[in-house]
Amino acid sequence: MESYYVLVGIILGGIVFLAVFFHYVPFFLWLSAKVSGVNISLVQLFLMRIRNVPPYVIAPGLIEAHKAGLSKITRDELEAHYLAGGHVERVVHALVSASKANIDLSFQMATAIDLAGRDVFEAVQMSVNPKVIDTP
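Quick note on numbering: our numbering labels position 21 of the sequence shown as 33, and the sequence is numbered without any gaps.
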């Protein structure tokens, strides 16, 4: 009978450990990044969580940039932009769009536009497809 309680305790402890582990260490996000070819470690994802940077914002940005061929964008740059109050997803979308349209837009310029309060993705879209405003 005592071994039954020990076994139940071990199983419950294991479940609690796994729940805490998967909360702080986004294993499946790491796995999707690895499959996509992005070089990021579990420790880096865990440390993002400790620094109050959501890995579910940074890692998809890295994956999108990597798949678009923008290998110069680093995890540190995206984290710094997020911590500065920027919109990581908009900046990465804008850089990918600018790259596909052969518009020379650096990461520093895109983040500066974003931190200035402008929608950098919309600015790139306006460069690609300018709107004509009719005036009377």
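Glycine residues also receive a C-beta, built at the ideal position from the N, C-alpha and C atoms. Just so we're clear, the structure is a prediction, and the values are computed from it rather than from any experiment.
Are residue i and residue j closer than 8 Å when you measure CB to CB?
i	j	result
Phe119	Glu89	yes
Ile125	Ala135	yes
Leu74	Val50	yes
Kindly list the residues whose CB is nearer than 6 Å to the CB of residue i, restricted to its own chain and excluding five residues on each side of it in sequence; keep chain order.
i	result
Ala71	Leu41 and Ala45
Ala128	none
Going straight from the alpha carbon of residue i to that of residue j, what length do you get?
i	j	result
Glu21	Phe34	Just to set this straight, residue 21 is Gly in the shown sequence, not Glu. Looking at the two C-alpha atoms, the distance is approximately 20 Å.
Ser139	Ile52	33 Å
Asp116	Leu30	46 Å
Ser83	Val103	15 Å
Ile85	Ala77	7 Å
Ala110	Pro142	14 Å
Measure the beta-carbon distance from residue i to residue j and round it to whole angstroms, keeping in mind my assumption that it falls under 8 Å.
i	j	result
Ala106	Ala122	5 Å
Say whether chain C places a C-beta atom closer than 8 Å to the C-beta of residue i.
i	result
His93	Structure shown: chain C not included; a single protein chain is present.
What does a CB cutoff of less than 8 Å around residue i pick up in its chain, not counting 5 residues either side in sequence?
i	result
Glu101	Val69, Pro72 and Gly73
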